[in-house]
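Reviewing the structure listed below.
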Amino acid sequence: MNLLDASLLAWSRAQFAMTAMYHWLFVPLTLGLGLIMCIMESLYVKTGNEAWKKATQFWMTLFGVNFAIGVATGIILEFEFGTNWSNYSWFVGDIFGAPLAIEAILAFFMEATFISVMFFGWKKVSKGFHLTSTWLTVLGATISALWILVANAWMQFPVGMDFNPDTVRNEMIDFWSILLSPVAINKFFHTVISSWVLGSLFVIGVSAWYILKKREVDFALKSMKVGAIVGLVATLLTAYTGDGSAYNVSQRQPMKLAAMEGLYNGKTNMGLVVFGILNSEKKSYKDSINPYIFKIEIPSMLSLLANRDINSFVPGIKDILNGGYKTLDGTVTMSFDEKHTRGKAAIQSLADYQKAVAAKDTTAAKNQKASLKQNYAQFGYGYIDKAEKMIPNLPTVFYSFHIMVMLGFYFILLFGLVLYFSSKKLIEKANWLLWISLLSIPLGYVASQLGWVVAEVGRQPWAIQDVLPLNAAISNISSYSVIITFFLFLTLFSALLIAEIRIMLKQIKKGPSES
Amino acid sequence: MITYSFLQHYWWFLISLLGGILAFLLFIQGGQTLLFSLSKTEDEKRLLVNALGRKWEFTFTTLVTFGGAFFASFPLFYSTSFGGAYWVWMAILFCFIIQAVSYEFQTKPGNTYGAKTYRSFLFVNGLLGTFLIGVAIATFFTGSDFIVNKGNITSQLAPVISSWGNEWHGLDALFTVRNLTLGIAVFFLSRSLAVLFFVNRLNHTVLEARSRKYLWYNAIPFVVFFLVFVIWTLFSDGFAVNPVTGVVSMEKYKYFTNFIEMPIVLVLFLLGVVAVLAGVIGTWISPKFKIGIWFAGVGTIVTVCSLLMTAGYNNTAYYPATPNLQSSLTIFNSSSSFFTLNAMSIVSLFIPVVLVYIFIAWRSMEKNRIDIDDVNNDEHAY
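Going down the list, the protein sequences come from chains A and B.
All residue numbers for the first sequence refer to this note's numbering, where the first residue is 10 and numbers rise by one.
All residue numbers for the second sequence refer to this note's numbering, where the first residue is -7 and numbers rise by one.
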């Protein structure tokens, strides 16, 4: 077969990243606004207050517009694993396909069924049935998130599988360890709850606009209060689950943690960089140039957060590539060169195993299988020829992580202030806070996108951690095909985004009374 | 005792069933192609859009489930077909992307491109979506140009195991006339089902009468093209698999033989065809007959399901590779492991639960037939 086009990998990555980022513009608002909508409708059913019904219906209209484009941008992602990452789809499809199918059976049909009742059933079904449908629609969306996040978590921390040399793929051996992996559980809560933050920012921001315009004030005050309560609780929980995420990263993806903090050289009592500016003069992990121009650090904090031990050693990029340091369980790590050698040996053993099976040489097959098993943990390293390729784009990961964390703390402050001013009935007069609330809506999107940038760019070059790098996961198509579809998607999604934003703005301008 | 072979057959049955349900639900797409012809006034157009708009997500979701189920149960098909027939699948996906926003956006102020653009999107989705899905399914019987070599994984420079044999990447299916006949048949089937749906659901005398008239224009070409495809397929060579060696070879009248050797599948196929015809003919004959969609819908599900079963059962390669026959995919060489199929089979037990809540929700929403007043009085109407 022909060698794969060098630019194919770059364009395939770009297309997946672009379509995923577009999709993720809409999903968090669906999850966050959905929860707030459910709370408001529950208040309506409980109190019988029509104002809550009006509020629910207004947010539901915006939910509907956002949901539609979320569905439109979502369908491509499920199929892109096959179209652009076909080798990946075979190599781990036995494990990865199941969550996607379960997502469709258990979640998508729930959404598709009850969203119709939610939108069109106000006059056709009882209050209770309608409320149940609203909750089930949002629950369906959340269950959908669960399964795709389980799948993503598995790529970051592959568990519950075994490589079968006869079928040349990884096969599932433990469903529950995949579903209940600590990475999966943490990722689900962190992602979903952070989506509630974005939904809350949206609600308080839009409500602030109404108060500033002195329109729909009663509705806006009600919405603001619900938004601030949900937002504050969600932001605190996001911070908590974020700590869990970082801990998982430190234990399972140390290179990602090193990139997040810009660490080249590890040490004990490692400080946490709260703010830093990277030195662009640093070109290689081998040179001795200081990686930072400037940094503010909390002493020993990274050791504490990463290993729950203030005196523990946190490795830097150099340590990870050179190996030789001890992990928490006492294992001495291998260098990249050793892993690469073992990976190549594993690949060679697989080739020899296939030859032995074809030649019906059972003894040789047995030996090669044993050799493959011995080195399989480093299988993916066999496809990576240089240590430098193990380092993700450091500035992207570093700045994304730090901006995301800073925004998280800013949101806690913002929701706290909005809640305080709302409860003291001072919010109508606090124009500065209303403006800040309004202008903070885009920041929610920035934080949410950056979270995914950290998670995904930070694990490069892996499609599946240690098992399959991206260059071995790709489809054999021409880069021209991917370039064309990249621009087609970019054009179409951008055009739809423009329409979506304009519709949203018009609906907001109309307000709940006219909607 | 649940064996690996049983699970592989069970999952091929579920895939076939999903294919059948998808074919039925394509009535949404068929209805979308009728937006500009069946309706003459804006009210009529809105009525059609709103009747279809309360159901479109089911077709969409079934398509996604079809892809997800294939990924989970037959991942080698998923990787080979989607990664190889890139352009045909991308074209299908584009058709469905533009559909997903078109109902919600079309009457909303600020939608930027105007209602006509979104309705044109629906038309394109209906026209190309049905046709291309038909063409893609036909390749299960006619074959595609791809190679699978699992040994490639050990090549460090190009470790891709599935490759397409030509630069058309799936569009080559359009050069096979038999594929086109099924594509056209699916297109007309979706329109026939759509008019039967309108007859059943719309409380609008003019549209109902027009729908009955349109049934002629669509059911007759559907029957003709469907028969051409079926007869052509039954009397063509098929892709047989030696159950012992796994070697794939061409066999005369393979699909006809499959029907004869699997009489239950044959009976199902015939019953399905009869039910479709009963739905269509009943609607023609009697102006009071409004449940043609149920006959034709169930008939479509059963017919397509049994047709797909003949493609995968009885030692047949369901995704044949031409000219590299030995790369062909069978339910045995392309399936997930026993463990995964077993785990997924447990999940599949939830399907009846899904069907029950769909039934309850639909029944509560569909007590009365929809008329223009319903649309005008609904705050969320499209």
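Backbone N, C-alpha and C fix where the C-beta goes; we use that ideal spot for every residue, glycine too.
Go through its chain and collect everything with a Cβ distance to residue i's Cβ below 7 Å, but skip five positions before and after it.
| i | result |
| --- | --- |
| Asn161(A) | Lys196 |
| Gly45(B) | Tyr95 and Tyr374 |
| Ala309(B) | Phe231, Val233, Val240, Ser320, Leu321 and Thr322 |
| Thr134(B) | Thr168, Arg170 and Asn171 |
| Asn369(B) | none |
| Phe502(A) | Tyr31 and Thr82 |
So, is residue i buried or exposed, given that buried needs 16 or more other C-beta atoms within 10 angstroms?
| i | result |
| --- | --- |
| Phe74(B) | buried |
| Leu341(B) | exposed |
| Asp252(A) | exposed |
| Arg202(B) | buried |
| Gln383(A) | exposed |
| Ile298(A) | exposed |
| Ser153(A) | buried |
| Met415(A) | exposed |
| Ala508(A) | buried |
| Asn11(A) | For Asn11(A), the predicted model reports a pLDDT of 48, less than 50, meaning its position is unreliable and no value from the coordinates is stated. |
| Trp185(A) | exposed |
| Gly333(A) | exposed |
| Asn402(A) | exposed |
| Glu290(A) | exposed |
| Ala150(A) | buried |
| Met170(A) | buried |
| Val147(A) | buried |
| Asn320(A) | exposed |
| Ala15(A) | exposed |
Residues of chain A with CB closer than 8 Å to the CB of residue i, please, in chain order.
| i | result |
| --- | --- |
| Trp81(B) | Phe88, Gly91 and Thr92 |
| Leu413(B) | The requested residue 413(B) is not part of the displayed model; chain B covers only -7 to 374. |
| Asn103(B) | Ala508, Arg511 and Ile512 |
| Gly118(B) | Going along chain A, no residue has its Cβ under 8 Å from Gly118(B), so there is no contact; the nearest lies around 16 Å. |
| Ile7(B) | Those do not exist, as Ile7(B) stays about 11 Å from chain A at its closest Cβ, beyond 8 Å. |
Since residue i contacts residue j with CB under 8 Å, what's their CB separation in whole angstroms?
| i | j | result |
| --- | --- | --- |
| Gly284(B) | Val272(B) | 6 Å |
| Ser155(B) | Asn96(A) | Between Asn96(A) and Ser155(B) the Cβ distance is about 10 Å, and since that is not below 8 Å, they are no contact. |
| Val215(A) | Ile45(A) | With 8 Å as the limit, Val215(A) and Ile45(A) do not qualify as a contact, their Cβ atoms being about 11 Å apart. |
| Pro308(A) | Leu287(A) | Not a contact, Cβ separation roughly 20 Å. |
| Pro478(A) | Gly339(A) | 28 Å between Cβ atoms; not a contact. |
For residue i, I'd like the list of residues in its chain whose CB is within less than 6 Å of its CB, leaving aside the five on either flank, ordered along the chain.
| i | result |
| --- | --- |
| Ile421(A) | Thr244 |
| Ser259(A) | Leu266 and Ala315 |
| Tyr(-4)(B) | Phe330 |
| Lys110(B) | This sequence places Tyr at residue 110(B); Lys is not what is there. Only Ser94, Phe97 and Gln98 meet the Cβ criterion. |
| Phe66(B) | Ser326 and Ser327 |
| Ile364(B) | Asp35 and Leu39 |
| Tyr294(A) | Tyr273, Ile326 and Lys327 |
Give the interface partners of residue i over in chain B, defined as CB-CB distance under 7 Å, in chain order.
| i | result |
| --- | --- |
| Thr122(A) | Tyr349, Ile350 and Ala353 |
| Met399(A) | Per Cβ cutoff of 7 Å: no residues; Met399(A) is ~16 Å from chain B at best. |
| Thr494(A) | Met82 |
Going along chain B in order, which residues have a C-beta closer than 8 Å to the C-beta of residue i?
| i | result |
| --- | --- |
| Tyr392(A) | Gln148 and Pro151 |
| Lys515(A) | Lys100, Pro101 and Gly102 |
| Val159(A) | Neighbours of Val159(A) on chain B: none; closest Cβ ~13 Å, over 8 Å. |
Given residue i, which residues of its chain have a CB within under 8 Å of its CB, disregarding the five upstream and five downstream residues?
| i | result |
| --- | --- |
| Val54(A) | Lys136, Gly137 and Leu140 |
Run through chain A and tell me which residues come within less than 9 Å of residue i, C-beta to C-beta.
| i | result |
| --- | --- |
| Phe16(B) | In chain order: nothing, as chain A lies at least about 15 Å away. |
| Met357(B) | Ser125, Val126, Phe129, Gly130, Lys133 and Val134 |
| Val339(B) | Ala107, Ala110, Ile111, Ile114 and Leu115 |
Residue i touches chain B at which residues, Cβ-Cβ below 9 Å?
| i | result |
| --- | --- |
| Ile450(A) | By Cβ distance, chain B contributes nothing, its closest Cβ being about 18 Å from Ile450(A), past 9 Å. |
| Ile84(A) | Phe52, Leu55, Val56, Gly59, Leu85, Phe88, Ile89 and Ala92 |
Mind listing the chain A neighbours of residue i? Cutoff is C-beta to C-beta under 7 Å, in chain order.
| i | result |
| --- | --- |
| Gly59(B) | Glu87 and Phe88 |
Flag this pair as touching only if the region 127 to 144 of chain B and the region 165 to 184 of chain B have three or more C-beta atom pairs under 8 Å; answer yes or no.
Contact between the region 127 to 144 of chain B and the region 165 to 184 of chain B is present: 3 or more CB-CB pairs across the two stretches fall below 8 Å.
Is the region 400 to 413 of chain A in contact with the region 491 to 501 of chain A, if contact means three or more CB pairs nearer than 8 Å?
No, the region 400 to 413 of chain A is not in contact with the region 491 to 501 of chain A.
contact_flag[the region 214 to 233 of chain A, the region 281 to 292 of chain A] where n(CB pairs < 8 Å) is 3 or more:
Flag = no, the region 214 to 233 of chain A and the region 281 to 292 of chain A do not touch.
Using 8 Å as the threshold, is the region 26 to 38 of chain B in touch with the region 199 to 218 of chain B, meaning 3 or more CB pairs across them?
Between the region 26 to 38 of chain B and the region 199 to 218 of chain B there are three or more C-beta pairs closer than 8 Å, enough to call the two in contact.
Are three or more beta carbon pairs between the region 155 to 172 of chain A and the region 192 to 211 of chain A nearer than 8 Å?
These segments touch.
Across the region 183 to 200 of chain B and the region 137 to 151 of chain B, are there enough close Cβ pairs to call them in contact, namely three or more that are closer than 8 Å?
The region 183 to 200 of chain B makes no contact with the region 137 to 151 of chain B, as fewer than three CB pairs between them are under 8 Å.
Decide if the region 77 to 93 of chain A is in contact with the region 15 to 23 of chain B; the criterion is three or more beta carbon pairs, one per stretch, under 8 Å apart.
Of all C-beta pairs linking the region 77 to 93 of chain A to the region 15 to 23 of chain B, fewer than three are shorter than 8 Å, placing the two stretches out of contact.
Is there contact between the region 392 to 400 of chain A and the region 456 to 468 of chain A, where contact requires at least three CB pairs shorter than 8 Å?
No: fewer than three Cβ pairs fall under 8 Å.
Contact the region -3 to 12 of chain B vs the region 174 to 181 of chain B: 3+ CB pairs below 8 Å
Cβ pair count under 8 Å is below three, so no.
Taking contact to mean at least 3 C-beta pairs separated by less than 8 Å, is the region 484 to 493 of chain A in contact with the region 292 to 306 of chain B?
By the Cβ test, the region 484 to 493 of chain A is not in contact with the region 292 to 306 of chain B, since fewer than three Cβ pairs between them sit closer than 8 Å.
Touching or not, the region 118 to 133 of chain A and the region 171 to 184 of chain A, by the rule of three or more beta carbon pairs under 8 Å?
No: the two stretches stay apart, fewer than three of their Cβ pairs being nearer than 8 Å.
Looking at C-beta atoms only, is the number of pairs between the region 84 to 92 of chain B and the region 104 to 122 of chain B that lie closer than 8 Å three or more?
Verdict: yes, contact present.
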